[in-house]
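A short worksheet on the structure shown next.
Residue numbers (our numbering): 324 to 447.
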């Protein structure tokens with residue numbers, strides 16, 4: 324297997340582990356709120372309106388595993404379960420994206436990621 328497949332499998336594992344972690348929390352968040360929170364990192368796509376370099380930086384900041392992990396840990400340390408829940412959902416989202424091949428973005432443009440180019444090339 325090539326490295327991209329390994330990274331996509333890693334995304335699957337992160338998605339499942341974070342989802343299971345979230346499901347075992349008694350955080351009081353309703354299911355529909357959890358679904359909305361799951362997709363919050365994708366709002367960062369709007370930063371591309373200010374250019375591909377800025378858009379990639381904001382998108383990547385919102386999609387690195389570290390942000391979800393820090394939120395998860397911060398919630399556990401402070402005892403604020405809602406922060407842990409947000410971290411678990413954030414991690415799940417990042418893993419989900421990586422599993423589907425939506426990797427961290429290059430300043431070249433939205434379709435260029437560390438997991439390869441998204442979409443079909445022209446003429447295909």
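Yeah, the Cβ is synthetic: ideal placement off N, Cα and C, and Gly gets one too. These numbers were taken from a predicted model, which means no experiment stands behind them.
Residue 360 and residue 422 look like a contact to me (Cβ under 8 Å); what is the Cβ gap, rounded to whole Å? Position 37 of the chain shown holds residue 360. Position 99 of the chain shown holds residue 422. Here residue 360 is actually not in contact with residue 422; their C-beta atoms are around 18 Å apart, not less than 8 Å.
Close Cβ partners of residue 342 (< 8 Å) along its chain, the five nearest in sequence each way excluded: On the chain shown, residue 342 is found 19 positions in, with the first residue counted as 1. Answer for residue 342: 411, 415, listed in chain order.
Buried or exposed, going by whether 16 or more other CB atoms sit within 10 Å of the CB of residue 332? Start at 1 with the first residue of the chain shown, and residue 332 comes out as number 9. Under this definition residue 332 is an exposed residue.
Write down the C-beta distance between residue 417 and residue 387 rounded to the nearest angstrom, noting that I regard them as a contact closer than 8 Å. Residue numbering aside, residue 417 sits at position 94 when the chain shown is read from its first letter. Residue numbering aside, residue 387 sits at position 64 when the chain shown is read from its first letter. Confirmed, Cβ separation roughly 7 Å.
Looking at the unbroken alpha helix (DSSP H) that takes in residue 349, where does it start and where does it end? The sequence position of residue 349 within the chain shown is 26, counting from 1. Secondary structure note for residue 349: it is in no alpha helix (DSSP H), with a DSSP letter that is neither H nor E.
Below 6 Å CB to CB, which residues in the same chain sit around residue 340 once its five sequence neighbours on both sides are set aside? Sequence index remark: in the chain shown, residue 340 carries index 17 (1-based). Counting only Cβ-Cβ distances below 6 Å, and skipping sequence neighbours, we find nothing.
Rounded separation between residue 373 and residue 431 - CA only: For the purposes of this step, residue 373 is taken as the residue at position 50 of the chain shown. For the purposes of this step, residue 431 is taken as the residue at position 108 of the chain shown. Here the alpha carbon of residue 373 sits roughly 14 Å from the alpha carbon of residue 431.
Using only the alpha-carbon positions, how far apart do residue 424 and residue 329 sit? Reading the chain shown from its first residue, position 101 is the one you call residue 424. Reading the chain shown from its first residue, position 6 is the one you call residue 329. Cα-Cα distance, rounded: 11 Å.
Count the other C-beta atoms from every protein chain shown that fall within 10 angstroms of the C-beta of residue 385, then say buried if there are 16 or more, exposed otherwise. As a position in the chain shown, residue 385 is number 62, starting the count at 1. Classification of residue 385: buried, given that the 10 Å Cβ count is 16 or more.
Considering Cα atoms alone, identify which of 426, 420, 407, 371 is closest to residue 347. Residue numbering aside, residue 347 sits at position 24 when the chain shown is read from its first letter. Of the candidates 426, 420, 407, 371, 407 places its Cα closest to the Cα of residue 347.
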